[in-house]
Amino acid sequence: MLTARTHMNKSESLGWVENNFCRKFNKVQKLNLARGLLQLHLREKGSIDTVKLEHKTRSGDVFNAAVLSEDHMIC
């Protein structure tokens, strides 16, 4: 958890920002990016599953699909 401090000199406040705030902020950014990529993958996987349902293949046949969405390709 971030702690508030009322009186710091400039070097202390820069150190606090770099060592506390930025690390926690970057961690949250990475988590949000991972969540976004997972949601993107699931949405595009759903598109592929829809194509599979509409274009049946015989048992043992291979199904290949690629979906281009928001400049990402999922195969």
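Heads up: the sequence shown at position 19 corresponds to 20 in this note's numbering, and the numbers run straight through without jumps.
Think of the CB as a built atom: it goes at the ideal place given N, C-alpha and C, for glycine as much as any other residue.
Quick caveat, the model's predicted, so the values are computed rather than measured.
Assigned secondary structure, residue i (DSSP; H/G/I helix, E/B strand, else coil)
i: R59; result: coil
Euclidean distance between Cα positions of residue i and residue j
i: S60; j: L43; result: 25 Å
i: N20; j: V29; result: 15 Å
i: G47; j: G37; result: 15 Å
i: L34; j: D62; result: 36 Å
i: L41; j: K31; result: 15 Å
i: N27; j: G16; result: 16 Å
Any chain B beta carbon closer than 8 Å to residue i
i: K46; result: Reference to chain B is not applicable here, since this structure consists of a single protein chain.
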